[in-house]
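Chemist:
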Amino acid sequence: MTVLLRAALVIGVLSYFAMLRTGADPAAEARRLAGAVPSAQAVVPAALEAVPPETRERAVRAVLARGLMAELSRRAAEAPPSNDTLQETDRQPAWRGADPESDPQSDPRTGPR
8 MTVLLRAALV IGVLSYFAML RTGADPAAEA RRLAGAVPSA QAVVPAALEA VPPETRERAV
68 RAVLARGLMA ELSRRAAEAP PSNDTLQETD RQPAWRGADP ESDPQSDPRT GPR
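Going by the numbering used here, the sequence shown opens with residue 8, and the numbers climb by one from there.
1. With H, G and I counted as helix, E and B as strand and the rest as coil, what does DSSP make of Gln94?
2. So Leu55 packs on Arg63, CB below 8 Å; how close in whole Å?
3. How big is the Cα-Cα spacing for Glu36 and Leu79?
4. How many angstroms separate the CA atom of Val50 from the CA atom of Ala15?
5. Going by DSSP in three states, Arg63 sits in which element: helix, strand or coil?
6. According to DSSP, simplified to helix, strand and coil, what is Arg82?
7. What is the DSSP secondary structure of Gln48, counted as helix, strand or coil?
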């Protein structure tokens, strides 16, 4: 892919330098070429009329189905808002006695004193 991009860049640069060498104005050439290209507003309706109606309908259905699936998957990925009224402290387990790590009288390596 990079080979193609490099080739396009080299061809473009060489064409630009060739126009400069012949004395042509590159900006005027670009405007002349842009004026020769028909607008999309004129081309798109003619292209759509060239497509058979059943193919056009299948394409529209495929695009709509893809968009619908994307929207449904986006909505499925969102977590619904929680109706839970518990606080974070309510979810913690009840007290189960003294924690041996925080008990100053016991050492885990030597045992209780």
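Every residue, glycine too, gets a C-beta built ideally from N, C-alpha and C.
Modeler: By the coordinates alone:
1. coil
2. 7 Å
3. 49 Å
4. 26 Å
5. helix
6. helix
7. helix
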